[in-house]
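In the working numbering, the protein residues as written are 2 to 88.
What follows is a set of notes on a single structure, which appears directly below.
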């Protein structure tokens, strides 16, 4: 797991999967997250085709706090590992 400010496209070369999680709303991904996605686009030819990818992006501003990431992320990673086995 890496913070978007310290991650680079090179971190994705040769990996088995990638999960992007952000609390930014879907319609306004900006700042460091946007810069990271732009770096990925520039280096897209160096990232393996068919690499597993999942994203968790906030889709609305809700005053009710979301489930803690400590409970959501392990479930998401488990589902990704299961998907990798099935493919």
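Ideal Cβ placement from N, Cα and C applies to all residues, glycine included.
query: Do you know offhand how far residue 88's Cα is from residue 18's?; result: Confidence at residue 88 is low in this model, with a pLDDT of 45, below 50, so its placement is unreliable and no value can be given for it.
query: Determine the DSSP secondary structure at residue 32, reduced to helix, strand or coil.; result: helix
query: If you run the structure through DSSP and keep just helix, strand and coil, what is residue 19?; result: strand
query: Here's a check: name, in chain order, each residue in its chain whose Cβ is nearer than 6 angstroms to the Cβ of residue 33, leaving out the five neighbours to either side.; result: 5 and 6
query: Pick helix, strand or coil for residue 12, following the three-state DSSP scheme.; result: helix
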